[in-house]
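Worksheet for the structure shown next.
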Amino acid sequence: MKDLLQSVCDRAKQYGASFADVRVYESEHTSITRQDGRADKLSQGTIRGLGIRVLKDHAWGFASVSGFDRDKVFEALDAAISMAEASAIRSEEAVVAEIEGIQDEVRAKVQIDPRSVGVEKKMVRLESYEQAAAKVAGDKLSNSIVSYSDFVSRETVCNTMGTLVIEETIRTFLSTVITVKDGSLLQKARARVGEPIGFELLEKTSSEEFTVKAANTALSLLAASPPPAGKFPVVFHPSITGLLTHEAFGHNAEADHILSGTSIIAGKLGEKIASELVTIIDDSTIPHKWGSYKYDSEGTPGKRRILVEHGVLKGYMHNLETAAKLGVSPNGSARAQDYSSRPIIRMSNTFIAPGESTFEELIHDIDNGIYLKGGEYGYVMCERGQFTCHAGEAFMIRNGEIAERLRDVSVAGLTLETLMNIDAVANDFEMKMPGFCGKNGQRMYVDNGGPHVRVRELVVGGRA
Amino acid sequence: MDVDLLKTLATIACEAAISGGAEFADVGAWNTRSLAVDIRANTIKSCDASRHAAISVRAIYRGGTGWSSTDKMDEDSAIEAGKKAAALAKLAEPDPDFISLVAPAENYAEVPGLADPAIETMDIRSIIKYAIENIDSALEVSSEAIVEGGFSAQYNASAIVNSLGVSLGNESSCIGGYTMVVIRRGDDVGSFYDFDSARVLEDFAPDGIGARAAQKALKFLGARKIETQRMPIILGPMAASSVFNSIVLNADAEDVQRGRSFMAGKVGEKIASDIITITDDPLIPRGLASRPWDSEGAPSKPLIVVENGILKTYLYSSYTAGKAKVAVTGHGTRSGNAVPSNIVPKLGSMTSEEIIRSTKRGLYIDIGGIAPNSTTGDVSRTVDFGFVIENGELAYPVASTMIGGNFLDMLRNVDAISSDYREEPGTIMPTIRIQDVLVAGGR
């Protein structure tokens, strides 16, 4: 395989490419879905293919093909070259940073390779998770779903600068949705756990921190009130801090958005863009975190990237191209979903660093505010810096204390205004939001988190 | 790889699943070629070509299901996938609610215009031309425009084969493009999106996507915060279309039967205002979501989902239809949930302009919607592209604005559907008005 990749790179240069990379992606997965007392859906599959990217006359071309048939691979190279030649009619003067080639092979370090564990054993563990939730929910249980997936992937990156990096990754993921009912009233809650480790994830994950937690949340939502609508001081649980950091800020710090002028922080490097209590980091080197990796999909080592330090914008997430254009070193932020996608700039594990306040201090002087918990999803209109975060769980804060429970709450705001309005950051920390971020049609493993933070004022999309 | 070859591989995989002990099996096989042009900051970021093929086997044993997929398109790999799916099905726990996969129908409707040979043979340069024309048309509207987006063409061959004798295959094509135009004046930013897509080249109308997005992006400059209040909201064609989609998507029998849908027990009940009637029509010639059969091989036919505000039916797959002891509706997928086809709402009598003009104060939403929590029906959504309506006219764009409420309450408050509409092949997109919606503002 290495010879094939090297000869593709050599041929690309003969065709006049100033840069080319070939990326082989192979993966296999096993999934089990247990629902309403039965693990009746089992799935296994494989993906294998190759993507070729060429830079010719400062224009990019890309082609991908399933499988590794030698003739088809060289047909794909021809296609990539002709795609680059076509792009050149209105290209953007693309360049890549000159880097020293890296040769390395990284094996996944797991205690129990999920491929060595039979499907039956995985099913037994899921049954115990589901039964624990069913016991808690009792006759209020309406629907329970517990899902398990393991992914074993191997990405090989070979480029014309001499890089040949092979990285194997094993990821294991658990998710659950528990729906409960009271008369005609239904409520649901979710939980998920995921790490780049093997079957040991199931051995160390208790039902209490997974399905039972979801069941208890769903039950408590049955008695929750609809949220009020309007402007409120808001305290974020670390899961919502994570969503805010990822959605509102993180996407804007992807250097492709900076270069295209569609980021609200373009041209603000060195400027104060957030409260001085705010330090934001994206770090792909944290062991056992869902968004971690050693090399990105361009073969550049991942790094700890300080994006905002005490409120001042310090840097962006880069690929080889944005680093060259902005005159900085690449920091290993380019990732591709699989062989059929081009590497694009992605976040890894993104968080706000802890501050000095206690949680009690955060809520102490709020007369009428909202505490958002249970981060579910969010999105951003990057170019306008308008974000939305959705919480599965929330509480009113009244006279400095956590009061009644609310259900289904979304908040919206403007990124820069919100970052400036963070007026307290707690000294706690949690990053337990393993998930998948979508960008340009590609899904990528990410995690996010932080401490509890307080925002002076945000809009709540209420129903009362 | 042509349809006959895909059918042959699918049949081999299906037979392997049955010989491996499955009681039922179905196999999807497809081969896709696509060309795409990616636009970033008024330039061509990249042109991409791809070719992908795959086989996916579903095997069923006592109701338990095993899936296996591969992208190796040869007989040995098809057999291996079939056997693996059967082995997984036998490991899966039995599901007594499973009755049967679909039997072959006597007739499948002919749907003209699903595949256009002109798209199959398209050259990347033709697609680039669309991209450049739309970058330039946006720049003609405003030299400040930053145009992002993409244009692509796709040609697909697919087959579905099952152990009851279904053996179907066809070709399909799609061409489409979108632009997102951003206009930045200091920290004030306006942006907007437009698109066009079609099954056949003749229906593709990419002209003006860039210019229209740029004109609208200019109008979104100077967004203001508003006060929290109850008011009517008017959803323009793109936003209203997502409301009709949400209604049909939430009528999926799978979620209802599993006890996790706010639509449970609502068939025969009034779920929306009298003026809402929605047909799911998979047989519209050249329709973007048209199909002669669903992903399981059940024949497609038009289905009235909501009539004069009353929910008439859920959308069924072979599994959910068997469980409910009703006929399939032609919305099945091989992975569980139902998928609607072309959603066609009944039109009203006022024009969209009359609806806006007759609204003294309200909120107009261009893109977005009121998609609910599928379990509770609660709505809590941000208005990303909205205008305040003052005295019957769009006055200024809004920022930090949200809408909240209950989906069914909102549907009951729909008091106008326009007579004019935006049309994409197979889809009718009118404007609608919903009275008395709680709008949360940041002022």
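Chains A and B are the protein sequences, given in the same order.
Using the numbering used here, you'd call the opening residue of the first sequence number 149 and step up by one each time.
Using the numbering used here, you'd call the opening residue of the second sequence number 9 and step up by one each time.
Cβ atoms here follow ideal geometry from the backbone N, Cα and C, with glycine treated the same way.
Quick caveat, the model's predicted, so the values are computed rather than measured.
Taking C-alpha atoms, which residue in the options lies nearest to residue i?
i: residue 194/B; options: 469/A, 410/A, 322/A and 369/A; result: 410/A
i: residue 333/B; options: 343/B, 322/B, 342/B and 341/B; result: 322/B
i: residue 294/B; options: 263/B, 350/B and 449/B; result: 350/B
i: residue 221/A; options: 60/B, 436/B and 46/B; result: 60/B
i: residue 429/A; options: 450/A, 446/A and 444/A; result: 450/A
i: residue 413/B; options: 161/B, 115/B and 241/B; result: 241/B
i: residue 369/A; options: 421/B, 383/B and 38/B; result: 383/B
i: residue 72/B; options: 104/B, 329/B, 119/B and 355/B; result: 104/B
i: residue 583/A; options: 202/A, 589/A and 340/A; result: 340/A
i: residue 354/B; options: 376/B, 428/B, 373/B and 304/B; result: 428/B
i: residue 423/A; options: 595/A, 518/A and 570/A; result: 570/A
i: residue 216/A; options: 172/A, 254/A and 477/A; result: 172/A
i: residue 486/A; options: 209/A, 214/A, 187/A and 478/A; result: 214/A
Using a beta-carbon distance below 8 angstroms, is residue i in contact with chain A?
i: residue 63/B; result: no
i: residue 414/B; result: yes
i: residue 216/B; result: no
i: residue 253/B; result: no
i: residue 164/B; result: no
i: residue 96/B; result: yes
i: residue 159/B; result: no
i: residue 156/B; result: yes
i: residue 205/B; result: no
i: residue 371/B; result: no
I want to see whether chain B comes within less than 8 angstroms of residue i, judged by CB atoms only; does it?
i: residue 614/A; result: With chain A covering only 149 through 612, there is no way to say anything about residue 614/A.
i: residue 336/A; result: yes
i: residue 544/A; result: no
i: residue 315/A; result: no
i: residue 485/A; result: no
i: residue 418/A; result: no
i: residue 359/A; result: no
i: residue 239/A; result: yes
i: residue 392/A; result: no
i: residue 214/A; result: yes
Which residues does DSSP pair with residue i in a beta bridge?
i: residue 329/A; result: 334/A
i: residue 306/A; result: 170/A and 312/A
i: residue 34/B; result: 66/B and 170/B
i: residue 260/B; result: 323/B
i: residue 430/B; result: 437/B
i: residue 204/B; result: 185/B
i: residue 549/A; result: 546/A
i: residue 452/B; result: Here chain B covers residues 9 to 451 and nothing more, so residue 452/B does not appear.
i: residue 73/B; result: 189/A and 68/B
Between residue i and the ligand GTP, is the CB less than 7 angstroms from at least one heavy atom?
i: residue 595/A; result: No copy of the ligand GTP appears in this structure; indeed no ligand is present at all.
At the level of alpha carbons, what is the spacing between residue i and residue j?
i: residue 64/B; j: residue 74/B; result: 11 angstroms
i: residue 272/B; j: residue 419/B; result: 16 angstroms
i: residue 357/A; j: residue 254/B; result: 33 angstroms
i: residue 495/A; j: residue 399/A; result: 8 angstroms
i: residue 338/B; j: residue 113/B; result: 11 angstroms
i: residue 383/A; j: residue 572/A; result: 9 angstroms
i: residue 375/A; j: residue 237/B; result: 15 angstroms
i: residue 407/B; j: residue 529/A; result: 11 angstroms
i: residue 157/A; j: residue 226/A; result: 12 angstroms
i: residue 116/A; j: residue 198/A; result: Absent from the model: residue 116/A. The displayed extent of chain A is 149 to 612, so no value can be given.
i: residue 243/A; j: residue 468/A; result: 8 angstroms
i: residue 107/B; j: residue 269/B; result: 23 angstroms
i: residue 503/A; j: residue 520/A; result: 19 angstroms
i: residue 246/A; j: residue 472/A; result: 8 angstroms
i: residue 478/A; j: residue 466/A; result: 6 angstroms
Does the stretch 166-184 of chain B come close enough to the stretch 12-22 of chain B to have 3 or more Cβ pairs within less than 8 angstroms?
The stretch 166-184 of chain B, when compared against the stretch 12-22 of chain B, does touch it at the 8 angstroms Cβ threshold.
**Prompt:** Do the stretch 25-33 of chain B and the stretch 507-525 of chain A touch if we need at least three Cβ pairs shorter than 8 angstroms?
**Reply:** By the Cβ criterion, the stretch 25-33 of chain B is not in contact with the stretch 507-525 of chain A, since fewer than three pairs of Cβ atoms, one from each stretch, lie closer than 8 angstroms.
**Prompt:** Is there contact between the stretch 96-109 of chain B and the stretch 28-43 of chain B, where contact requires at least three CB pairs shorter than 8 angstroms?
**Reply:** Touching, yes, given that three or more Cβ pairs across the two stretches are closer than 8 angstroms.
message = So, does the stretch 180-192 of chain B touch the stretch 204-223 of chain B, judging by three or more C-beta pairs under 8 angstroms?
response = Yes, since at least three Cβ pairs between the stretch 180-192 of chain B and the stretch 204-223 of chain B fall closer than 8 angstroms, the two stretches touch.
| task | Check whether the stretch 459-466 of chain A touches the stretch 322-332 of chain A, taking contact to mean three or more Cβ pairs, one atom from each stretch, closer than 8 angstroms. | result | Too few Cβ pairs lie closer than 8 angstroms, so no.
Is it a yes or a no for the stretch 503-519 of chain A touching the stretch 536-546 of chain A, going by three-plus beta-carbon pairs under 8 angstroms? At 8 angstroms Cβ cutoff, the stretches touch.
Three-pair Cβ contact test at 8 angstroms for the stretch 315-329 of chain B versus the stretch 376-396 of chain B
Three or more Cβ pairs closer than 8 angstroms define a contact, and the stretch 315-329 of chain B falls short of that threshold against the stretch 376-396 of chain B.
task = Would you check if there are 3 or more beta carbon pairs closer than 8 angstroms linking the stretch 293-305 of chain A to the stretch 166-181 of chain A?
result = Yes, the stretch 293-305 of chain A is in contact with the stretch 166-181 of chain A.
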